[in-house]
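Asker: Dumping the structure here so I can ask a few things about it.
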DNA sequence: TTCTTTTTGCAAACGATTTGCATTTGCATT
DNA sequence: AATGCAAATGCAAATCGTTTGCAAAAAGAA
Ligand SMILES: [Mn+2]
Ligand SMILES: [Mn+2]
Ligand SMILES: [Zn+2]
Ligand SMILES: [Zn+2]
């Protein structure tokens, strides 16, 4: 149950090391990603980006998200089956609780659940590469 | 960890009760859904359907899946963010382990995890309406 | 059977994402 | 600083899964 107070990793260095060029669009998109607490989709990232440089295109946003995902620098989510939403990968692993009324996304972490998942996979002859746990919830109203 | 050996529920009765007409396409689609162990997507259901009646259209498959989902007769999954895949809702709740190499889907159930999920939601002031737990795994190769 | 309403098939529209291609850019090299 | 080339961009068109409008067909109540 931890809100990752992430000290920014040096993505530019990571990109360079991966033999990838540092371009203006990429710098801007990385800035957006590292300076937000939420889980924006491509369109939202695009809108934030053109506020800084209105020549950036939506395809570049998509291409950059794919690149960063392949590098493991971001995670992709598809809450509800909606459009992909992203967040930087740094900080510790967590899962998500989605308020189905407001759309709010709350992050949480449970070592116990993580352990149980491992056990289950193991008992079936598998090892987990990644997983997804989403709780779709409604706020508890005490007087009801 | 249970493979639901589901005795077929009477969907036709359920549909009638909901004031919905029993049509040939719907009967065929329901048959496909109740007689399969896997998690087919709309296209796969469509192909199985036209083998029985080649006049069925893909839109009818989609419309029927939406109808059945609203009635709570089926569940919809979006593994990996791919196309929607379906399974009948009868039988007990379970989650899914996906073999990322073969695409196989294995069902499992853990009361402990379910309980922990409730606790977490509760502690954040929420109650769960539904959830999704997917383990993406690779088969364990003992000699490696 | 007739009548009314729902459902269908088809084709066109849709939203999210990807792609082809000509142009621009990053950056390693002079 | 100027050059050269590969990599990345913007744009428009294509793609994929899914939904929709509409006229024709089928369900089921009377
Ligand atoms: Mn987790
Ligand atoms: Mn579960
Ligand atoms: Zn998150
Ligand atoms: Zn299942």
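Protein chains in written order, with the working numbering: chain D, 1 to 144; chain Z, 1 to 144. Every residue gets a Cβ at the ideal spot worked out from N, C-alpha and C, and that includes glycine.
From this set, D:129, D:62 and D:94, which residue's C-alpha is nearest residue 84 (chain D)'s C-alpha?
Answerer: Residue mapping note: residue 84 (chain D) aligns to position 84 of the first chain, counting from 1. When only C-alpha atoms are compared, the closest one is D:62.
Asker: Should residue 87 (chain D) be labelled buried (16 or more other beta-carbon atoms within 10 Å of its own) or exposed?
Answerer: Mapped onto the first chain, residue 87 (chain D) falls at position 87. That one is buried.
Asker: Label residue 22 (chain Z) either buried or exposed according to how many other C-beta atoms from any shown protein chain fall within 10 Å of its C-beta, with 16 as the threshold for buried.
Answerer: Translated into the one-based positions of the second chain, residue 22 (chain Z) becomes position 22. Per the 10 Å Cβ criterion, exposed.
Asker: Please state if the CB of residue 126 (chain Z) and the CB of residue 97 (chain D) are separated by a distance shorter than 9 Å.
Answerer: Within the first chain, the letter at position 97 stands for residue 97 (chain D). Within the second chain, the letter at position 126 stands for residue 126 (chain Z). Their beta carbons are under 9 Å apart, which means residue 97 (chain D) touches residue 126 (chain Z) by this criterion.
Asker: Any heavy atom of ligand 2 inside 8 Å of the beta-carbon of residue 123 (chain Z)?
Answerer: As a position in the second chain, residue 123 (chain Z) is number 123, starting the count at 1. No, since every heavy atom of ligand 2 falls outside the 8 Å radius drawn around the Cβ of residue 123 (chain Z).
Asker: In the stretch 75-144 of chain Z, which residue ranges form an unbroken beta strand (DSSP E) of at least 3 residues, counting only runs that do not cross its ends?
Answerer: Look at the stretch 75-144 of chain Z and you find these whole runs of beta strand (DSSP E), each 3 residues long or longer: 85-88, 95-99, 105-108 and 126-139.
Asker: Under the criterion of a Cβ to heavy atom distance below 8 Å, does residue 93 (chain Z) qualify as lining ligand 2?
Answerer: Within the second chain, the letter at position 93 stands for residue 93 (chain Z). Yes.
Asker: Just to confirm before moving on: does the CB-CB distance between residue 49 (chain D) and residue 32 (chain D) stay below 9 Å?
Answerer: Your numbering for residue 49 (chain D) matches position 49 in the first chain. Your numbering for residue 32 (chain D) matches position 32 in the first chain. Annotated as proximal: residue 49 (chain D) and residue 32 (chain D), with beta-carbon spacing under 9 Å.
Asker: Run through chain Z and tell me which residues come within less than 9 Å of residue 126 (chain D), C-beta to C-beta.
Answerer: Start at 1 with the first residue of the first chain, and residue 126 (chain D) comes out as number 126. The contacting residues are 97, 99, 106, 135, 137, 138, 139 and 140.
Asker: In the stretch 79-95 of chain Z, which residues sit with their C-beta less than 8 Å from some C-beta in chain D, listed in chain order?
Answerer: 81 and 84
Asker: Just to check, is the beta-carbon of residue 75 (chain Z) closer than 8 Å to a non-hydrogen atom of ligand 2?
Answerer: As a first step, residue 75 (chain Z) must be located in the second chain, where it is residue number 75. The answer is no for residue 75 (chain Z).
Asker: Measure the beta-carbon distance from residue 140 (chain Z) to residue 116 (chain D) and round it to whole angstroms, keeping in mind my assumption that it falls under 8 Å.
Answerer: One-based indexing of the second chain puts residue 140 (chain Z) at position 140. One-based indexing of the first chain puts residue 116 (chain D) at position 116. Actually they do not touch by this definition, with Cβ atoms about 17 Å apart.
Asker: Does chain Z have any CB closer than 9 Å to the CB of residue 63 (chain D)?
Answerer: Within the first chain, numbered from 1, the residue matching residue 63 (chain D) stands at position 63. Not flagged as an interface residue toward chain Z: residue 63 (chain D), since no C-beta distance is shorter than 9 Å.
Asker: Name the chain D residues that come within less than 7 Å of residue 47 (chain Z), Cβ to Cβ?
Answerer: Here residue 47 (chain Z) refers to the residue found at position 47 of the second chain. The contacting residues do not exist; residue 47 (chain Z) stays about 22 Å from chain D at best.
Asker: Could you tell me the distance, in whole angstroms, from the CA atom of residue 25 (chain D) to the CA atom of residue 60 (chain D)?
Answerer: Locating residue 25 (chain D) in the first chain gives position 25, counting from the first residue. Locating residue 60 (chain D) in the first chain gives position 60, counting from the first residue. About 8 Å.
Asker: Any beta-carbon of chain D closer than 9 Å to the one on residue 113 (chain Z)?
Answerer: Your numbering for residue 113 (chain Z) matches position 113 in the second chain. Yes, contact with chain D.
Asker: Quick check on the DSSP output: the alpha helix (DSSP H) that includes residue 42 (chain Z) runs from which residue to which?
Answerer: Numbered from its first residue, the second chain carries residue 42 (chain Z) at position 42. Start and end: 42-52.
Asker: Looking at C-alpha atoms only, which residue of D:77, D:56, D:89 and D:138 is the closest neighbour of residue 35 (chain D)?
Answerer: Position 35 of the first chain holds residue 35 (chain D). If we check each option's Cα against that of residue 35 (chain D), D:89 comes out closest.
Asker: Nearest chain Z C-beta to residue 73 (chain D) closer than 9 Å, yes or no?
Answerer: Start at 1 with the first residue of the first chain, and residue 73 (chain D) comes out as number 73. No, because no Cβ of chain Z sits closer than 9 Å to the Cβ of residue 73 (chain D).
Asker: Which of the three DSSP states is assigned to residue 20 (chain D) in this structure?
Answerer: Position 20 of the first chain holds residue 20 (chain D). Reduced to three states, the DSSP call for residue 20 (chain D) is coil.
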